[in-house]
Structures are given as structure tokens and as C-alpha cells.
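Participant: I'd like to ask you about the structure that follows.
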Amino acid sequence: MTYQLSKKDFYAEPLTKTKTIPEEFVKEAYLVFACRHKFCRDICPNFDLTRREAHTSYGFHTSILAVSRGVGDLDKLVDDFTYCLECGACELRCPNTSMGGDFYRRSTTTVDLVRKVRRDHMADGGEIGNWSAVKDYLDEHRGFVAGQGELVTRWAEGIKLAGDMKTALFVDFFTASQGTEVPRLAAQILGKLGVRFGVYTTPGVTAPELLSQDEEEWKKYAAANVASFRELGVKTLVVVNPHDYALFIREYPKWFDMDGIETVFVTDFVLRTMKERGFTPALGVEGKFAYHDPCTLNKLVVEADSPRELVAMIPGAEIIDVPPGNQWRYCCGNGNGPYRKLHEDVAYRIGQKRLRAAADLGADTILVACPHCKDQFTDVKAKAGLPVEPVHVFEILAKAMGIDWQTTSPTIG
Amino acid sequence: MAEDVLYKYGEIEILPTRMEKYVQQQEMNEGERERIVRARNIHLDWYHRHFAHEILPPPEGEWEPKA
Numbered sequence: 036m037t038y039q040l041s042k043k044d045f046y047a048e049p050l051t052k053t054k055t056i057p058e059e060f061v062k063e064a065y066l067v068f069a070c071r072h073k074f075c076r077d078i079c080p081n082f083d084l085t086r087r088e089a090h091t092s093y094g095f096h097t098s099i100l101a102v103s104r105g106v107g108d109l110d111k112l113v114d115d116f117t118y119c120l121e122c123g124a125c126e127l128r129c130p131n132t133s134m135g136g137d138f139y140r141r142s143t144t145t146v147d148l149v150r151k152v153r154r155d156h157m158a159d160g161g162e163i164g165n166w167s168a169v170k171d172y173l174d175e176h177r178g179f180v181a182g183q184g185e186l187v188t189r190w191a192e193g194i195k196l197a198g199d200m201k202t203a204l205f206v207d208f209f210t211a212s213q214g215t216e217v218p219r220l221a222a223q224i225l226g227k228l229g230v231r232f233g234v235y236t237t238p239g240v241t242a243p244e245l246l247s248q249d250e251e252e253w254k255k256y257a258a259a260n261v262a263s264f265r266e267l268g269v270k271t272l273v274v275v276n277p278h279d280y281a282l283f284i285r286e287y288p289k290w291f292d293m294d295g296i297e298t299v300f301v302t303d304f305v306l307r308t309m310k311e312r313g314f315t316p317a318l319g320v321e322g323k324f325a326y327h328d329p330c331t332l333n334k335l336v337v338e339a340d341s342p343r344e345l346v347a348m349i350p351g352a353e354i355i356d357v358p359p360g361n362q363w364r365y366c367c368g369n370g371n372g373p374y375r376k377l378h379e380d381v382a383y384r385i386g387q388k389r390l391r392a393a394a395d396l397g398a399d400t401i402l403v404a405c406p407h408c409k410d411q412f413t414d415v416k417a418k419a420g421l422p423v424e425p426v427h428v429f430e431i432l433a434k435a436m437g438i439d440w441q442t443t444s445p446t447i448g
Numbered sequence: 060m061a062e063d064v065l066y067k068y069g070e071i072e073i074l075p076t077r078m079e080k081y082v083q084q085q086e087m088n089e090g091e092r093e094r095i096v097r098a099r100n101i102h103l104d105w106y107h108r109h110f111a112h113e114i115l116p117p118p119e120g121e122w123e124p125k126a
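Line by line, the protein sequences give chains Y and L. Just so we're aligned, residue 36 is where the first sequence starts under the working numbering, counting upward by one. Just so we're aligned, residue 60 is where the second sequence starts under the working numbering, counting upward by one.
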């Protein structure tokens, strides 16, 4: 996938209580405030539940404008900035992006904005309610970094990996520790396809949550990753977690030269390899599946086809499809940052609404391509008692390929 | 085409000098431009599916920028 560079240089100047808000930042806020379409509001999965305009892209920009005009206080408004899922739907529906962003080379970048406001506010001595939950989560990641060599490959126990780093599987803390079935399935599917690959064992803290707290620390880990990729001779980076993938595609190019390193999401890579090698899954998996587009692929990167194509290759499997554009208004509720840790109740209700929509389609299974979506839906299903089972696309693909991934440990490579 | 434009990545873009007095442009590469175009097409497809009985083509030659 092509790297997507979208960077506003004036975001580098921190917002502080003692200095007036820079003129360019005020203009930025006015560009959205001046719009009365409010498409950003209607597409926002959070607004859909809270019905608070202050929680939308329009509201965030208006708050900044209010502070700049002296009629608002960021200390009182900053909590509104935590009600952003960082899914990117508002950016896509904003006419400043969709109807002129490419022509004027100026688009709405709400995700960057909310991350900036949160971290600038905390760096300036301000507090954000319940942020300790996010700090604890990031501390877990830092602990993981200390002993990551062992931890990051524990999921692969029993699988013999080739160790050839030209093609490297990027597995982060979350998938290595909680969503272990995803890298395990990916490794075995790639093995079945005859791909030789290694596992990148020093991913550092890759959580997008860190961008809302300390951008410099996030960049430190990212810089170490890029240096390691060069040292190890990585040519193709296959990423199993779409949250990491979106960071590689959209955040890394802002600060690092990624030339010569191809970053591919794992479902894209599997599909591409199957087509190159003429492989089709032979075994049938009967079922009517709903498919949930992860926000990271569908809205941040806007490339959502490969999971659907993989399922379409499976004999007997049928997707009751809701097109990607219609899913911009959906989110599992986890968000692409600290949302679920800060607003567990609203996150649950967003997830419940999405699962209910899948149930209304007559599906008993909702397929996902993101371990965070699966984690969130599993939680929501258990609490809400909805009859829709969240399943990763690779689980049914492995079945169709004759891989019993839970009990076997084949040699890879 | 009355506006002064640049030709970049096979598409048209406003001349930066025409933007300077309003707002700063941002750094944007071809990948980001393609993302915006993809998203626009997804939205317009949805819009047409839901609200358009017929999609009229632009008048002959009008859509092409003059060299």
C-alpha cells in the first residue's frame, strides 16, 4: 500500500494557556466552524449515541475557536476531546476533505487535532478525566518492551519460523498477548501458502494511545523500528494489527523515510499471494456472515476490499454485505485510541448497536479483520446476550484451507 | 478552466500562490490524494445509489482542463 502523507506543519507548535492560539490554528478551526452542513456530525458513531455536538469534528473545531476568542476555557472543554473514536469518518465526510482537499491541498484532519489537543493540554499541566486507565495500558506496553524478545514470540510456540527477515511479520503487544489467534492463524496460513518469513521481535510501544499522550516518545519507538527494519534488511512488512498498519501508512511518513520498505496489511498480503500462486481454498465453510469493516482500513486508509475477497473465495461462504461507504457510520466501539478505556459505557452501546445491525441482517456470525474489534465484540456479545458470534476472517479461511490452527503446530517456511 | 492550476500526479491542484493569503497548505503526497479521491468516489457512489434516478455526463469537453 502507498504511504499517505498528510501533515500540517503548524501542528508542531504546542497550545498552551499562556500563549494565544496561533493564527493558523484559529483559521483551521474557523474552516470547519464556518460549515453548516455538519456531515461530520451525522457520520460520527459517537454522536449517534451521545447526541452531543461538542463531541463531533464540528464541536472540536468550534471549541478551539471559542478558546481563541476568549469565550471558552480549554480546561472545561477538554473532556469533549476524549469523545473521539479516532475513526476518521468525519474527515472523509467533511466537504473540506472530500470535495476540495486534493485540489486545495488542505483537508480536515480531526484525528491529528484531537490527539494534539489532548497531549498539549496534559503537557501544559492539565488533566483529563480517567486518563490513568490509559497510562496503565501504556505502562503495560512499556513493561512488554523490557522483555519483548520472549513475549512477542510466545504466541508462536510450537511453530517453527523461517527467520528470513526479507518478509517480516509485524506483531505488536496487543496481538502478541491478547489477540494471539490472529498472528498464529496468519503464520499458519502463510506457511500453507509456502511463504518464507520471519517475525519482527522488537516492535516497541506502537499503541496509537501514545500519540494522545506523548508524541515524542511514540516517535522514539517508531524511529527504532525503522532503524531495525533497515538493519535486518526488511523489504516487506506484513502487519497483523490494522491499528499498527494505519500508523505505518499514515503516521510514519510524517517523520521517517520508508522508501524501500513495503508495508502490507496481512489480508492484502494473503490475497495477493493466493492470486500469485493460483491457490484457492478447497474446503467449504457454509454460513451467512456479516462483515464489519475496521475503521482503520475503511476510513483511515480507505482500502477495505481484501477481507471481502478472501471470504468470497471460500466455497459456501456468503457475506450479507453492507458496502464500505455505508459502514463509515459504524464502529465496534473500541475506537482507534483510548476511547474504550475512557468511556466504557458509550463504547459498549456503540458495539451493541453494531452487533444488533448485524443480527437484523439475519447473520449469526460477524466477521472482523481486526483483533481489537473482535475483543470488543466478544465483550459486547457476552454483556448484551446478542446471538452474533464475532469471528476473525482468518478463522474461516484457515478452516477452508484445512488448517486446524488450535491443535496443530506445523513447521513454517 | 478559468483558475490557475498546477498539474500534479495527473490531477489538477490550485496554484499555491492563490492560497497563501488565506491558509497554509499542508504536506500531501500522491497516496493521500488518492485516498481522498477514493473516499469521494465511495461517497458519490453511495449518494447516486440512494438519490439519483439518472447521472448526467458533463457537456462534451468541459471536464478536461485546458493545457
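Don't be surprised by glycine CBs; every beta carbon is placed ideally from N, CA and C.
For K388 (chain Y), does the three-state DSSP call read helix, strand or coil?
Facilitator: Here K388 (chain Y) sits in helix by DSSP.
Participant: Return no unless some Cβ of chain L is closer than 8 Å to the Cβ of E48 (chain Y).
Facilitator: So, not an interface residue.
Participant: Between G69 (chain L) and chain Y, is any beta-carbon pair separated by less than 8 Å?
Facilitator: With 8 Å as the cut-off, G69 (chain L) does not count as an interface residue toward chain Y.
Participant: Please list, in chain order, the chain Y residues whose beta carbon lies closer than 7 Å to that of I104 (chain L).
Facilitator: Checking the sequence shown, residue 104 (chain L) turns out to be Asp, not Ile. Going along chain Y in sequence order, the residues near D104 (chain L) (Cβ under 7 Å) are G360.
Participant: Determine, for D137 (chain Y), whether the minimum Cβ-Cβ distance to residues of chain L falls below 8 Å.
Facilitator: D137 (chain Y) counts as touching chain L.
Participant: Give the straight-line distance between the Cα atoms of I163 (chain Y) and G295 (chain Y), rounded to the nearest whole angstrom.
Facilitator: Those two C-alpha atoms are separated by around 40 Å.
Participant: Name, please, each residue of chain Y whose Cβ falls closer than 7 Å to the Cβ of A98 (chain L).
Facilitator: Here the neighbours are L127, S133 and V337.
Participant: In whole angstroms, what separates the C-alpha of C75 (chain Y) from that of L50 (chain Y)?
Facilitator: Spanning the two alpha carbons is a distance of roughly 24 Å.
Participant: Grouping DSSP H, G and I as helix and E and B as strand, with all else coil, what is T331 (chain Y)?
Facilitator: Looking at T331 (chain Y) - three-state DSSP - the assignment turns out to be helix.
Participant: So the alpha helix (DSSP H) L377 (chain Y) belongs to, where does it begin and stop?
Facilitator: Looking at the DSSP string, the run of the alpha helix (DSSP H) that includes L377 (chain Y) is Y374 to L377.
Participant: Could you check what DSSP says for E297 (chain Y) in three-state terms: helix, strand or coil?
Facilitator: Three-state result, E297 (chain Y): strand.
Participant: Shortest alpha-carbon distance to N333 (chain Y) belongs to which of Y:E424, Y:C125 and Y:F82?
Facilitator: The shortest Cα separation from N333 (chain Y) among Y:E424, Y:C125 and Y:F82 belongs to Y:C125.
Participant: Give the DSSP-derived three-state secondary structure of P425 (chain Y) in the structure shown.
Facilitator: Correct three-state label for P425 (chain Y): strand.
Participant: Determine which residues share a DSSP beta bridge with A339 (chain Y) and list them.
Facilitator: Per DSSP, none; premise fails for A339 (chain Y).
Participant: Using alpha carbons as the reference points, say which of Y:C70, Y:Q223, Y:F209 and Y:T202 lies closest to G193 (chain Y).
Facilitator: Measuring from the Cα of G193 (chain Y), the nearest candidate turns out to be Y:Q223.
Participant: Could you give the distance in angstroms between the alpha-carbon of G69 (chain L) and the alpha-carbon of G161 (chain Y)?
Facilitator: For G69 (chain L) and G161 (chain Y), the distance between alpha carbons rounds to 46 Å.
Participant: Less than 8 Å between C-beta atoms, sequence neighbours within five positions excluded: which residues of the same chain meet that for V82 (chain L)?
Facilitator: Within the same chain, V82 (chain L) has no close Cβ partners at all.
Participant: Would you please state the rounded distance, in angstroms, between the beta carbons of F232 (chain Y) and L204 (chain Y)? I believe it to be under 8 Å.
Facilitator: The Cβ separation is near 6 Å, so the contact holds.
Participant: Could you compute how far the alpha carbon of Q39 (chain Y) sits from the alpha carbon of G397 (chain Y)?
Facilitator: Their Cα atoms are separated by approximately 37 Å.
Participant: State buried or exposed for T55 (chain Y), treating a residue as buried only when at least 16 other CB atoms are found within 10 Å of its CB.
Facilitator: T55 (chain Y) comes out exposed.
Participant: Less than 8 Å between CB atoms is the rule here; does Y93 (chain Y) satisfy it with respect to chain L?
Facilitator: False, the Cβ-Cβ gap to chain L never drops below 8 Å.
Participant: In the structure shown, what three-state DSSP assignment does G198 (chain Y) receive?
Facilitator: If DSSP states are grouped into helix, strand and coil, G198 (chain Y) belongs with coil.
Participant: In angstroms, rounded to a whole number, what distance separates the CA positions of A262 (chain Y) and V423 (chain Y)?
Facilitator: Approximately 43 Å between the Cα atoms of the pair.
Participant: Please tell me whether P243 (chain Y) and N371 (chain Y) are closer than 8 Å, where the distance is taken between their beta carbons.
Facilitator: Taking 8 Å as the Cβ cut-off, P243 (chain Y) and N371 (chain Y) qualify as a contacting pair.
Participant: Just tell me which of Y:K255, Y:L109, Y:N260 and Y:V169 has its CA closest to the CA of S247 (chain Y).
Facilitator: With distances taken between Cα atoms, S247 (chain Y) lies closest to Y:V169.
Participant: Taking C367 (chain Y) as the reference, which of Y:P350, Y:R391, Y:A347 and Y:P238 has the closest Cα?
Facilitator: The option with the nearest alpha carbon to C367 (chain Y) is Y:R391.
Participant: Is there a Cβ of chain Y sitting closer than 8 Å to that of I114 (chain L), yes or no?
Facilitator: Output row for I114 (chain L): interface = no.
Participant: Starting from the C-beta of P130 (chain Y), find all residues in its chain whose C-beta is less than 8 Å away, skip the five residues before and the five after it, and write them out in chain order.
Facilitator: So the list reads C70, H72 and F74, once near-sequence residues are dropped.
Participant: So which residues of chain L does L267 (chain Y) contact, with C-beta pairs closer than 9 Å?
Facilitator: Chain L residues near L267 (chain Y): none, gap ~24 Å exceeds 9 Å.
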